[in-house]
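Engineer: Below is a structure I'd like to ask you about.
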């Protein structure tokens, strides 16, 4: 491996560590693929927070861990939403998809914020109830993903 | 025969670790000085070369080599009278045991390869508390 | 009795020391995404590290020379230099990942901002390298790392269908939702995590510093042969936790906190506290080892005095490299790089660079001039080591293309 190649690899690796990669979507298929990744990432955050909430409500996790973990997922979801928002939908078909997923994402974002707020207030015992609406978000995201195939 | 010997010298000498007379690690054999006996045509290693810039020259990075040598002249302090004429050249007579490492009959201080070590001590390490005590084991 | 205790302590340290940030992330991420379909890679990886760690310990004990010194001697100055630069760079990424891991563990336990903790961690790591009783610290962190055994407790508490778990582990396939490229990429990440080269730099340099001789070879073998497989079993427990708890919920591991989540949900608060202590200890121990490894690779290439046994005055450039590496890694961590991403890249690039470290060891372990007539590799060992060398080369060649094809496994 030449020196130059090594530097290119190193630079790529470093820049990949710092940036989320979002490219433009040239075709509808491309847009569908990106929507899928977005929905999968969102689903992961939603499910993580649901599990965190039940774990905390059962008395199985302490405050700092719960708070920090929920905030992390909130940040992750915000990144995912931001990235998806910046993708240009190529046609009207894609506009529809975008509207559909946008709705799911914003609902998840709201519910996640509610869980974070409750956790910060220290009401861990009832956290599973605060997180209950996330179940619907999870179902909706799952249905959305199934609809894509 | 001659080629075989040169190859041998390269394998057994080049890039080996150098130890000074007190067993302090003092650089690697960065290059060899070779002479040829005109009458017999045999090739001898006359000196081991070590120190700033030597390796760069050997690898063909002349500019880096020059730069390193210049930088090293700046950080070298002349308070120690060297026993070596050229502080990067150890005559082969001073080389002792040749094994996985090579012992030489000079002090690390006499070698240019150790200048940066002492510069780092004086300008950086010596200013950090606890630098001279061994860590309790 | 005392000897037995020493051996037991060594083995326990090896178990705790086997797992670091790379293993935590790689095992949890693959378990959540590929269930147990990549478990076999951990087994292949641990056999490889056993074979080569034993060799490097033997080389160090018999000729008193650490790995990097020999790399230059045997591969030549030019290739040795390229090797040194590559190893240093990858080690730097690993160091960054470990420091971030320590900071994350503390942040999860205290909710103090991760960015405030990084500089403190860096200073602590440096202090230990500078003048703390290193062997003691290494032992302490190795033993505290055993807290990670709570992952095994968690698996047991979840009470999976053991037959199903076993058969999932022994019948690997590429899951339907994934393609062969991502499967291979994650496999390489796991392999790189199990065989991380810094372990060898550290191991062989430590052996030289502690003045190992022929007599220590037996203990070396026991540590490696018992400690590492148990460490690998621990890795598999982490993977199984993710497989059992995270995978069914479609959770993708992107944060260190998610690695600990199965333990919290299965074992409870105490389990969570124990796992965070374990993560803290394992990553702190690895941060120490990678800091020193940064100094080792550079100092040993140039033939400078090195080592943590004497005072810093006796190895000034070595200590300067260690100090600067820790500072640079902390600064890199503070730029806001994603610690889990850094970890992933560090283990994948480690995998790509594996032959650079392991090939010279194999050559020297067969050289009578270094090893003496009775301690060169046996035929059986050489056969295994050669097979591994082929694997390492294949992995190294495949890594970068796979990284590009899968866009870093996304």
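Chains as they are written, first to last, in the numbering used here: chain D, 24 to 172; chain H, 5 to 141; chain C, 695 to 1104.
All C-beta atoms, glycine included, are put in the ideal place defined by N, C-alpha and C.
Output yes or no for whether 8 Å exceeds the beta carbon distance between residue 892 (chain C) and residue 721 (chain C).
Structural biologist: Taking the first residue of the third chain as position 1, residue 892 (chain C) is located at position 198. Taking the first residue of the third chain as position 1, residue 721 (chain C) is located at position 27. No. Outside cutoff.
Engineer: I want to see whether chain H comes within less than 8 Å of residue 757 (chain C), judged by CB atoms only; does it?
Structural biologist: Mapped onto the third chain, residue 757 (chain C) falls at position 63. At least one chain H Cβ lies under 8 Å of residue 757 (chain C).
Engineer: So, does the segment 42-54 of chain H touch the segment 127-139 of chain H, judging by three or more C-beta pairs under 8 Å?
Structural biologist: At 8 Å Cβ cutoff, the stretches do not touch.
Engineer: Taking CB distances under 8 Å as the criterion, tell me whether residue 945 (chain C) reaches chain D.
Structural biologist: Taking the first residue of the third chain as 1, we reach residue 945 (chain C) at position 251. Cβ-Cβ to chain D under 8 Å: yes for residue 945 (chain C).
Engineer: Let's see if you can read the secondary structure: which residues bound the beta strand (DSSP E) around residue 934 (chain C)?
Structural biologist: Residue numbering aside, residue 934 (chain C) sits at position 240 when the third chain is read from its first letter. That residue, residue 934 (chain C), is in no beta strand (DSSP E); its alpha helix (DSSP H) goes 922-935.
Engineer: Suppose you measure from the CA of residue 51 (chain H) to the CA of residue 813 (chain C); what does that come to, to the nearest Å?
Structural biologist: Position 47 of the second chain, counted from the start, is the residue given in the question as residue 51 (chain H). Position 119 of the third chain, counted from the start, is the residue given in the question as residue 813 (chain C). So the two alpha carbons sit approximately 48 Å from each other.
Engineer: For residue 106 (chain D), name the three-state secondary structure that DSSP assigns.
Structural biologist: The sequence position of residue 106 (chain D) within the first chain is 83, counting from 1. The answer is helix: DSSP assigns residue 106 (chain D) an H, G or I state.
Engineer: Less than 8 Å separating the beta-carbons of residue 61 (chain D) and residue 124 (chain D)?
Structural biologist: Here residue 61 (chain D) corresponds to residue number 38 of the first chain, with the count starting at 1. Here residue 124 (chain D) corresponds to residue number 101 of the first chain, with the count starting at 1. Cβ distance < 8 Å, so residue 61 (chain D) and residue 124 (chain D) count as in contact.
Engineer: By alpha-carbon positions, which one of C:709, C:705 and C:788 ends up nearest to residue 928 (chain C)?
Structural biologist: As a working mapping, residue 928 (chain C) is identified with position 234 in the third chain. Closest by alpha carbon: C:709.
Engineer: Could you compute how far the alpha carbon of residue 20 (chain H) sits from the alpha carbon of residue 101 (chain H)?
Structural biologist: Taking the first residue of the second chain as position 1, residue 20 (chain H) is located at position 16. Taking the first residue of the second chain as position 1, residue 101 (chain H) is located at position 97. When rounded, the distance between both Cα atoms is 12 Å.
Engineer: Does DSSP classify residue 1101 (chain C) as helix, strand or coil?
Structural biologist: Mapped onto the third chain, residue 1101 (chain C) falls at position 407. Here residue 1101 (chain C) sits in coil by DSSP.
Engineer: Could you spell out the range, first to last residue, of the beta strand (DSSP E) harbouring residue 111 (chain D)?
Structural biologist: Numbered from 1 along the first chain, position 88 holds the residue referred to as residue 111 (chain D). No beta strand (DSSP E) contains residue 111 (chain D), which DSSP labels as neither H nor E.
Engineer: Counting pairs of Cβ atoms below 8 Å between the segment 97-110 of chain D and the segment 960-977 of chain C, do you hit three or more?
Structural biologist: Short answer: they don't touch.
Engineer: Note down, in chain order, each residue of its chain lying with its Cβ closer than 7 Å to the Cβ of residue 1000 (chain C), except the 5 sequence neighbours on either side.
Structural biologist: Here residue 1000 (chain C) corresponds to residue number 306 of the third chain, with the count starting at 1. These residues qualify, in order along the chain: 989, 990, 993, 994, 1009 and 1012.
Engineer: With a threshold of 16 other CB atoms inside 10 Å of the CB of residue 749 (chain C), please say whether the residue is buried or exposed.
Structural biologist: Residue numbering aside, residue 749 (chain C) sits at position 55 when the third chain is read from its first letter. Classification of residue 749 (chain C): buried, given that the 10 Å Cβ count is 16 or more.
Engineer: Taking only beta carbons into account, state which residues of the segment 1046-1067 of chain C come closer than 9 Å to chain H, listed in chain order.
Structural biologist: The segment 1046-1067 of chain C vs chain H, Cβ under 9 Å: 1063 and 1064.
Engineer: Report the partner residues of residue 4 (chain H) according to the DSSP bridge assignment.
Structural biologist: Given that chain H is displayed from residue 5 to residue 141, the structure contains no residue 4 (chain H) and the question cannot be resolved.
Engineer: Between which two residues does the alpha helix (DSSP H) holding residue 813 (chain C) run?
Structural biologist: Residue numbering aside, residue 813 (chain C) sits at position 119 when the third chain is read from its first letter. Here the alpha helix (DSSP H) through residue 813 (chain C) covers 808-825.
Engineer: Note down, one range per segment and in chain order, each alpha helix (DSSP H) of at least 4 residues found wholly within the segment 929-990 of chain C.
Structural biologist: With a minimum length of 4 residues, the continuous alpha helix (DSSP H) runs that stay inside the segment 929-990 of chain C are 950-961.
Engineer: Does DSSP put residue 93 (chain H) in a helix, a strand or coil?
Structural biologist: Indexing the second chain from 1 puts residue 93 (chain H) at position 89. If DSSP states are grouped into helix, strand and coil, residue 93 (chain H) belongs with the strands.
Engineer: At what residues does the beta strand (DSSP E) containing residue 51 (chain H) begin and finish?
Structural biologist: Translated into positions along the second chain, residue 51 (chain H) becomes position 47. Unbroken beta strand (DSSP E) run through residue 51 (chain H): 47-53.
Engineer: Can you tell me where the alpha helix (DSSP H) with residue 1038 (chain C) in it begins and where it stops?
Structural biologist: Residue mapping note: residue 1038 (chain C) aligns to position 344 of the third chain, counting from 1. 1033-1059 is the span of the alpha helix (DSSP H), which, as asked, contains residue 1038 (chain C).
Engineer: Quick one: list the residues of chain C neighbouring residue 124 (chain H), beta-carbon separation under 7 Å, in chain order.
Structural biologist: As a first step, residue 124 (chain H) is located in the second chain; it is residue number 120 there, counting from the start. Under the 7 Å cutoff, chain C gives 1010, 1011 and 1014.
Engineer: Which class does residue 44 (chain D) belong to by DSSP, given the choice of helix, strand or coil?
Structural biologist: Numbered from 1 along the first chain, position 21 holds the residue referred to as residue 44 (chain D). The pLDDT assigned to residue 44 (chain D) is 49, lower than 50, so where the model puts this residue is not dependable, and the model offers no usable value.
Engineer: Just the C-alpha distance for residue 727 (chain C) and residue 881 (chain C), rounded to the nearest angstrom, thanks.
Structural biologist: As a first step, residue 727 (chain C) is located in the third chain; it is residue number 33 there, counting from the start. As a first step, residue 881 (chain C) is located in the third chain; it is residue number 187 there, counting from the start. Near 12 Å, if we compare the C-alpha coordinates of residue 881 (chain C) and residue 727 (chain C).
Engineer: Do you know how far the Cα of residue 966 (chain C) is from the Cα of residue 82 (chain D)?
Structural biologist: Stepping through the first chain from its first residue, residue 82 (chain D) is reached at position 59. Stepping through the third chain from its first residue, residue 966 (chain C) is reached at position 272. Cα-Cα distance, rounded: 11 Å.
Engineer: Check the Cβ-Cβ distances between residue 37 (chain H) and every residue of chain C, and say whether any is below 8 Å.
Structural biologist: One-based indexing of the second chain puts residue 37 (chain H) at position 33. Cβ-Cβ to chain C under 8 Å: no for residue 37 (chain H).
Engineer: Identify which residue in C:1035, C:809 and C:925 has its Cα closest to the Cα of residue 1029 (chain C).
Structural biologist: Here residue 1029 (chain C) is taken as the residue at index 335 of the third chain, counted from 1. Of the listed residues, the one whose Cα sits closest to residue 1029 (chain C) is C:809.
Engineer: Can you name the start and end residues of the alpha helix (DSSP H) that residue 909 (chain C) belongs to?
Structural biologist: Residue mapping note: residue 909 (chain C) aligns to position 215 of the third chain, counting from 1. Looking at the DSSP string, residue 909 (chain C) is not in any alpha helix (DSSP H), and its letter there is neither H nor E.
Engineer: For the alpha helix (DSSP H) that residue 777 (chain C) lies in, which residues bound it at each end?
Structural biologist: In the third chain, the residue the question calls residue 777 (chain C) occupies position 83. That run of the alpha helix (DSSP H) goes 771-804.
Engineer: Express the C-alpha separation of residue 1104 (chain C) and residue 44 (chain D) in angstroms, rounding to a whole number.
Structural biologist: Within the first chain, the letter at position 21 stands for residue 44 (chain D). Within the third chain, the letter at position 410 stands for residue 1104 (chain C). Interpretation of residue 44 (chain D) is limited by its pLDDT of 49, a score under 50 that renders its predicted location unreliable; no figure is taken from the coordinates.
Engineer: Grab me the residues of residue 852 (chain C)'s own chain with a C-beta within less than 6 Å of its C-beta, minus the 5 sequence neighbours each way, in chain order.
Structural biologist: In the third chain, counting from the first residue as 1, residue 852 (chain C) sits at position 158. Closer than 6 Å at the Cβ level, and outside the excluded window around residue 852 (chain C), lie 938 and 960.
Engineer: Less than 8 Å between the C-beta atoms of residue 887 (chain C) and residue 1085 (chain C), yes or no?
Structural biologist: In the third chain, the residue the question calls residue 887 (chain C) occupies position 193. In the third chain, the residue the question calls residue 1085 (chain C) occupies position 391. Not closer than 8 Å, so no.
Engineer: Apply the 10 Å Cβ neighbour rule to residue 41 (chain H) and answer buried if 16 or more other Cβ atoms are within range, or exposed otherwise.
Structural biologist: By 1-based counting over the second chain, the position of residue 41 (chain H) is 37. Exposed is the call here.
Engineer: Helix, strand or coil: which one does DSSP assign to residue 99 (chain H)?
Structural biologist: Against the second chain, residue 99 (chain H) aligns to sequence position 95. Residue state, collapsed to three classes: strand.
Engineer: Leaving aside the five residues before and after residue 31 (chain H) along the sequence, list all residues of the same chain whose C-beta is less than 6 Å from its C-beta, in chain order.
Structural biologist: Counted from its first residue, the second chain places residue 31 (chain H) at position 27. Around residue 31 (chain H): 22, 54 and 117.
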